[in-house]
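Going by UniProt numbering, the first residue of the sequence shown is number 1, and it counts up by one from there.
Glycine residues also receive a C-beta, built at the ideal position from the N, C-alpha and C atoms.
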Amino acid sequence: MSDNNNLKELISAVAARKAEFADLIVALAPNLSSPAILPTEVALELSTALHDLEDRVAGHDPLYKLVNDHSAPALALNESGQVVALNVGAAQLFELRSGDGLVALGISPEAFHQFKERLATAQGPTLLKAYRKGNDKNALPLVLVGMYQRELNTFVLNTLQQHWPESIDLAFADVFGLTISERNILALLSRGCVSEEIAEERGSSVATVRQQVKSLLQKLGAKSQVQAATLAASAATAMDSGTTKGNILAPDYDDFPMSIHETLRDHRRIGWRRFGKPGGIQVLYLHGPSFGAGDFPEERKVAWRLGLDVIAPERAGYGRTDPPDKQADSLTCQCDDVLTVLSELGIEYITVLSHEVALIPALALARRPEVAVTGIVSVSAAPPFKELEQINTMPAHQAIFIQAARHAPWLARLMIRLLVLRMRKLGPEHWPEVIFDGVEPDESIMRRSAFKPGVIATYGFYINQLGAGYLEDLKIMLEDWNYLLEEMSAPIRLLHGTCNQTTPVAHLEIFRSINPQVQVELVEGEGLTLAVSRTEQIYSALLEMATTGTTLPQLFGRG
């Protein structure tokens, strides 16, 4: 470790996937003899090297380049209306953070649907009205020019500039309800014409024009002709280059929306999502680290069709939910966050869907008196780590994180920062290669074009807090949680792929040895990606659990 340049070069190589995580572990070996604090000079070199890399990588992240190339406020929404990237101007203008939804922009689901309909009808930019937080809805809206970016399945929005093309003219009709006559008058106002000049241009009386202008102002929410002209005169300069025309949205675009919400608990921000059938059978979705929280369109479609009303809290360190305070217990914090959301919604009993490590908070939640858990459908879960062999049989580039966490928290944090760097180097569409490289059938499944919108959405969900959520998962994963399984009385149904290399089928016997009542259902030919490749089967199992599980008197009578 005496040669600091070697350390910097190795970190760069690991981030670029030219060296493996294990190579860095070997280089750090002299400092790994005990869980003591990393020597100051080594810590400084690691921090400096990582910081330099993170700055360089952020500048090349294609998702963030979409918005940071604009001098005006600009942001990117995924197909469910969630903010996946924004520049400083947009963050300040709307008081936004990545992960916020349409509500934070004052945009209704209906308006967003119409926006997508226009983009699916004709190529070119269109308009979307937004409002700043706390603004009077009668005030002049902040109007954004939006286009579809097919490569990243993303809508790019920025502030209006000047003269508008035909596609913008049609948007004025849709968004504001302007007639052809009113749009013509608006165009003349934007050129600085007064009522007398407009009347002469149109061959009508001044009185008629003034009445039309009055109607126009009401529809725009403008208080004067100057306001209306300013709004109109800014319509399309941002779209005057060949690279900003956008793509036409496919007619079969996803329109099974997901609403984005947030609440506070002890000054911590908790994000949560809701999708499926409003007023349907309520279920709780506890996500894992790899597949987002309702980010894959097929999940939202199947949930709606089966009549499930899915509530999906963003677990601590993922999405927008803040990590726990340093002195707080991570598992208790996650349960308290979920209970806060359920309490706000008035939910007293719930069936749970959990992915991977989220089985642990699902089991812990079932012990809490504030809510009755009717049952758990768990997908691709790993049992408690009883033996080192369980870690050693995992793919090496996955096991290295658990090995690092077993040694010391600082090493786990280092590995996760490098993981995020690798993801950002690959970009939104290819980041799963970091986790599933060489692991089949998972790598092939994550390359399916149908999964691309979900992959891109999950990218922002995962890296939004630089992997803080994964660090919290490693903490709870390595604790002794056998007792949660032993004392669980509600039904547990484990769905697991026969080709899951992360947790081989043989390891599932650990579940049965702890609690013989656990039901294991193997899915032939599937791996860890079962969570997204067999959505119909998973949600059908969830529906069955929710409708045929333990009766309410039994639940509320439990000790």
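Should residue i and residue j be called a contact, given that it needs their Cβ atoms to be closer than 7 Å?
i	j	result
Gly288	Val373	no
Pro504	Val439	no
Cys499	Gly467	no
Val341	Pro313	yes
Gly276	Phe461	no
Leu306	Tyr539	yes
Asp442	Gly527	yes
Phe115	Leu128	yes
Pro73	Ala90	yes
Ser195	Val175	no
Tyr148	Leu119	yes
Ile376	Val338	no
Ser98	Asn392	no
His507	Pro383	yes
Leu157	Leu75	yes
Pro297	Pro453	yes
Nearest CA to the CA of residue i: which residue from the options?
i	options	result
Glu370	His355, Gly346 and Ala408	Gly346
Ser215	Gly203, Ala228 and Gln519	Ala228
Met545	Leu284, Ala396 and Gln334	Leu284
Thr529	Gln519, Asn68 and Gly497	Gly497
Glu521	Ser380, Val302, Lys301 and Val14	Ser380
Leu419	Ala90, Ala408 and Pro432	Pro432
Val67	Leu86, Lys18 and Asp61	Leu86
Val83	Gln92, Glu95, Asp325 and Gly101	Gly101
Ile260	Asn78, Glu20 and Ala19	Asn78
Glu472	His355, Thr547, Arg413 and Ala90	Arg413
Asp325	Arg447, Gly469, Ser205 and Arg422	Gly469
Phe21	Ile435, Ser224 and Ala250	Ile435
Ile281	Arg534, Ser290, Ala303 and Asp437	Ala303
Arg512	Leu10, Phe256, Leu359 and Ile492	Ile492
Asn184	Ala506, Ile198 and Phe176	Ile198
Ile456	Gln519, Val103, Asn153 and Leu93	Asn153
Ile248	Gln211, His430, Thr121 and Pro428	Thr121
Phe256	Pro109, Glu151 and Met446	Pro109
Arg273	Glu299, Lys301 and Ile311	Ile311
Glu299	Val532, Gln501 and Cys193	Val532
Pro409	Gln398, Leu478, Lys386 and Arg447	Leu478
Gly146	His113, Lys133 and Arg132	His113
Ala16	Ser205, Ala104, Trp481 and Arg417	Arg417
Lys18	Ala104, Ser205 and Leu426	Leu426
Am I right that residue i and residue j are in contact with their C-beta atoms under 8 Å? What's the rounded C-beta distance?
i	j	result
Leu474	Ala405	4 Å
Ser378	Ala364	Not a contact, Cβ separation roughly 13 Å.
Gln123	Gly246	7 Å
Lys219	Leu178	6 Å
Met488	Ala366	6 Å
Using the beta-carbon count (16 or more within 10 Å), is residue i buried or exposed?
i	result
Thr126	buried
Val226	exposed
Gly294	buried
Leu542	buried
Tyr483	exposed
Gln334	buried
Arg424	buried
Gln403	buried
Leu264	exposed
Pro516	exposed
Thr159	buried
Glu389	exposed
Ser80	buried
Ser34	The pLDDT assigned to Ser34 is 49, lower than 50, so where the model puts this residue is not dependable; a value taken from the coordinates is nonetheless given after this. Per the 10 Å Cβ criterion, exposed.
His267	exposed
His355	buried
Gly279	exposed
Ala235	Caution applies to Ala235, whose pLDDT of 49 falls short of 50 and renders its modelled position unreliable; the model cannot decide the point.
Ser330	buried
Arg315	buried
Asp336	buried
Ser449	exposed
Gln211	exposed
Thr458	buried
Ala207	exposed
Ala130	buried
Arg320	buried
Val213	buried
Quick check: is the beta carbon of residue i nearer than 7 Å to any beta carbon in chain B?
i	result
Phe461	The structure shown contains no chain B, having only a single protein chain.
Unbroken stretches of the beta strand (DSSP E), 3 residues or longer, contained in the stretch 304-366
Restricted to the stretch 304-366, the beta strand (DSSP E) segments that are unbroken, complete and at least 3 residues in length are 308-313 and 349-355, listed in chain order.
Contained alpha helix (DSSP H) runs [length at least 4] in the stretch 81-120, N- to C-terminal order: 88-94
Entirely enclosed beta strand (DSSP E) segments - the stretch 363-406, minimum 3 residues | 372-379
Discussion item. Threshold first: 3 residues or longer. Then list the beta strand (DSSP E) segments lying entirely within the stretch 512-548, N to C.
Written reply: The DSSP assignment places complete beta strand (DSSP E) segments of no fewer than 3 residues inside the stretch 512-548 at 519-523, in order along the chain.
key: Segments assigned beta strand (DSSP E), at least 3 residues, entirely inside the stretch 416-452   = none
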